[in-house]
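Enquirer: Under the UniProt record's numbering, think of the first position of the sequence shown as 1, with each following residue one higher. Have a look at this one before I ask anything.
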Amino acid sequence: MLLPVLLLLLLEAGLRLFDYGQSYPLFIAAGDKYPAYLTVNPDVGLRYFRREDAPPYPRNDLFLKHKPDNGFRIFMLGGSTAAGWPYRDNMMPSRIIATRLGEAFPDRHIEVVNVAFSAINTYTLLDFVDEILAQAPDAVLIYSGHNEFYGVLGVGSSKSVGDQRWLVRAYLEFQHYKVFRLLQDLIHWLTPQASLQLRLAQGTLMERMVAEKTIPLEGAVYQRGVEQFQANLDEILRRFRQADVDVIISELVSNVQDQAPFVSVATQAYEPAREVYQAARQLEQQGEYPAAREMYYRAKDLDALRFRAPEQFNRIIHRLAADYEVPVVPMQTYFEGDSSHGLIGANLMLEHLHPNIDGYFLMSEAFLDAMRRAGWIRRDWPETLAGRSYRAQWGVTALDRALARISVMKLTDHWPFTSVAAAGENLERYRPESRIETLALEVYNGERDLIQAHLALAREYQEQGDIDAAAAEYQAIIELFPFDQSVYRAAAWALLKADRIDAARPIILRSLRVEPTAESYKWLGQIAFRHAEYPQAVAYFEQALELYTTDNPQVIDLLAQAYEHTGQTDKARRMRARLGHP
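Structure follows, in structure tokens:
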């Protein structure tokens, strides 16, 4: 008995010695350009998928390796909705939340790190807990449940290793051993790959994840999915509580009004989902909205293709949250309150469950309200701009919307939204009708980076003299990657050249949270000077002078003038002496 164990240990040691295979930690160094930062590992999905599967990947979120004393660090967990799909990083709810918190609490270094990505469920969230705890989180936000059946390792998933939770948990633990990786690789090498390549070419990730196409309500597979969700979520909340990390978890919302059930089956206990959906439609037409709402939710729960979480999951969320004294975001109340007659549909949803831009802002507002009620960061929150004001000013443009439309077109142009026979026809016929749509298609096809596309538009608008449009594109770049000082500088300079100093000021102020630079302080000093805010101008010019490596005659002269305006004549004289003036 000891000999096989000894041989396995020796093999494991040898594989580790020669660094066989790769490990995929959740967080890695952000690279030479950002030496102070960690980032979410873009390859972490390879823990659960083969590279040939074209695995989903998380967003490009950075955070400091060492949390500062004034830091407040939040992690957001979930699937594609928590990641802001079909939009890119500038529409992640976490990005909106981080920006608003940063402006509300300028004395704190706020980080909201998004570790969500498509096709994962609570098994993956649970797998991430230890690595999140190692990064000194103050709090966690959770929006998860729609992928529970078909997400990787789910009971109905094509990426399942069994429907017994102990087996899946053991599988995840074995992933840390090189011997297990070697065994997986051997099996993979011996498995024909032709059918996989065909599926990748033809289907969407949503389509490829499905093994069990019919999971009736309260059937055996359904019950195992419920047990999986409840047990995993219970352990996630327990472990964060043991580590004294605050958690806020959200109810799940989806399109109940305008998404008919995908698969309708009749059982001894329940009527077919499509019949219930048609009854809901009829009740709505008759103006019986509360009854229609009830029937829409019933139709969604009876949908045997389980891409939308059943209402039982929301009840589990509330029950476990009460057990662990965790606040729940009443997301249904927010979405129904913003929907005609309380029926959530295409007004806030793009397809079966992903919000549109208005929906993502509403979702962010709901999380922020829950954080405010819970007293995160501080008990007394300052008054900040209303959510609708942020919506109007946010860095998302026609390019982002065009790109999202193509992504949704690809999704809904395949099963289960259309028949397998007709799959891909709409996208194949699609032809861009504008410069923006052409750029969006190039980005979608991987021919151009989204930031490069925004930058190209910004420069074109500047050449045309359309400063507002150029500024919007720069703002989108900032929200896509708010960690690069050069983007703030380009946006601010475009506005300053057009004498739009009041529009430039908030961009420059925000850039200081990324990297304080002499140029930024100089510009802020000039803006303050223009507004006759001389004490502020003095402070900014002094900071600029400290950061310049050599004397800057322009800043010295401006500082001398600011000193004179504040009655500091001796300091003004000394500044002028540095310039060689009497």
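The beta-carbon is built from N, C-alpha and C at its ideal position, and this holds for glycine as well. Since we're looking at a predicted model, the values are computed, not measured.
(1) Would you list, in sequence order, the uninterrupted alpha helix (DSSP H) runs of no fewer than 4 residues that lie entirely inside the segment 57-142?
(2) Can you grab the Cα-Cα spacing for the pair Ala-194 / His-109, in whole Å?
(3) Just curious, the beta strand (DSSP E) that Thr-39 is in, first and last residue?
(4) In terms of alpha-carbon separation, which member of Phe-72, Gln-536, Leu-141, Pro-56 lies closest to Phe-63?
(5) At which residues does the beta strand (DSSP E) containing Asp-246 begin and terminate?
(6) Taking the C-alpha atoms as reference points, what is the distance between Phe-262 and Ala-392?
(7) Could you check whether the segment 95-112 touches the segment 168-177, counting it as contact only if at least three pairs of C-beta atoms, one from each stretch, sit closer than 8 Å?
(8) State the Cα-Cα distance for the pair Arg-165 and Ala-116, rounded to the nearest angstrom.
(9) With DSSP run on the structure shown, which of helix, strand or coil describes Met-349?
(10) Under the assumption that Leu-524 contacts Ile-501 (Cβ atoms under 8 Å), give the Cβ distance between them as a whole number of angstroms.
(11) Taking 7 Å as the threshold (C-beta atoms), are Ile-451 and Leu-399 in contact?
(12) With a threshold of 8 Å, are at least 3 pairs of Cβ atoms found where one atom belongs to the segment 86-97 and the other to the segment 473-488?
(13) Is the CB-CB distance between Ala-119 and Pro-25 below 7 Å?
(14) Nearest to Leu-101 by alpha carbon, out of Ala-498, Asp-557, Val-514, Ile-377?
(15) Report the option in Gln-286, Val-245, Leu-252, Ala-220 whose CA atom is closest to the CA atom of residue 628.
(16) First and last residue of the alpha helix (DSSP H) that includes Ala-469?
(17) Could you tell me the distance, in whole angstroms, from the CA atom of Ala-366 to the CA atom of Glu-294?
(18) Going by the CB atoms, is the gap between Ala-299 and Ala-280 shorter than 7 Å?
(19) Give the DSSP-derived three-state secondary structure of Pro-553 in the structure shown.
(20) Suppose the cutoff is 7 Å on Cβ atoms and the five residues either side in sequence are ignored; what does the same chain contact list for Gln-485 look like?
(21) Quick one: is Pro-535 buried, meaning 16 or more other Cβ sit within 10 Å of its Cβ, or exposed?
(22) Would you mind working out which of Val-168, Tyr-324, Thr-412, Gly-154 sits nearest Tyr-427, comparing C-alpha positions?
(23) Would you mind working out which of Val-555, His-146, Gln-561 sits nearest Tyr-123, comparing C-alpha positions?
(24) Helix, strand or coil for Phe-367, going by three-state DSSP, please let me know.
(25) Are the Cβ atoms of Ile-406 and Ala-440 separated by less than 7 Å?
(26) Starting from the C-beta of Phe-128, find all residues in its chain whose C-beta is less than 8 Å away, skip the five residues before and the five after it, and write them out in chain order.
(27) Applying the criterion that 16 or more other CB atoms from any shown protein chain within 10 Å of the CB defines a buried residue, is Glu-473 buried or exposed?
(28) If you compare alpha carbons, which of Leu-547, Leu-343, Ala-104, Leu-125 is closest to Gln-285?
(29) At which residues does the beta strand (DSSP E) containing Ile-28 begin and terminate?
(30) Since I believe Ala-82 is in contact with Pro-93 (beta carbons under 8 Å), could you give me their beta-carbon distance rounded to a whole number of angstroms?
(31) Based on DSSP bridge pairs, tell me the residues matched to Ser-157.
(32) Quick one, which of Pro-290, Phe-240, Asp-244, Ala-498 has its alpha-carbon nearest Gln-257's?
(33) Under three-state DSSP, which class holds Arg-514?
(34) Mind the definition here: the segment 332-341 touches the segment 225-235 only if three or more C-beta pairs lie below 8 Å; say whether that holds.
(35) Could you work out which residue in Gln-526, Trp-394, Asn-356 is closest to Ala-544 when comparing CA atoms only?
(36) Apart from the five residues just before and just after Phe-49, which ones in its own chain have a Cβ nearer than 6 Å to its Cβ?
Expert: Once the coordinates are examined:
(1) 93-104, 122-133
(2) Confidence is the limiting factor: at Ala-194 the pLDDT is only 47, short of 50, which leaves the residue's position unreliable and the question unanswerable from this model.
(3) 37-40
(4) Phe-72
(5) 246-250
(6) 35 Å
(7) no
(8) 22 Å
(9) strand
(10) That pair is no contact at about 10 Å.
(11) no
(12) yes
(13) no
(14) Ile-377
(15) Outside the shown range of the chain, which is 1 to 582, sits residue 628, and nothing can be said about it.
(16) 467-480
(17) 23 Å
(18) yes
(19) helix
(20) Ser-511, Val-514, Glu-515, Thr-517
(21) exposed
(22) Per the sequence shown, the amino acid found at residue 427 is Leu instead of Tyr. The shortest Cα separation from Leu-427 among Val-168, Tyr-324, Thr-412, Gly-154 belongs to Thr-412.
(23) His-146
(24) helix
(25) yes
(26) Leu-26, Leu-77, Val-115
(27) buried
(28) Leu-343
(29) 27-29
(30) 7 Å
(31) Val-210
(32) Pro-290
(33) Note that residue 514 is Val in the sequence shown here, rather than Arg. Correct three-state label for Val-514: coil.
(34) no
(35) Gln-526
(36) Pro-55
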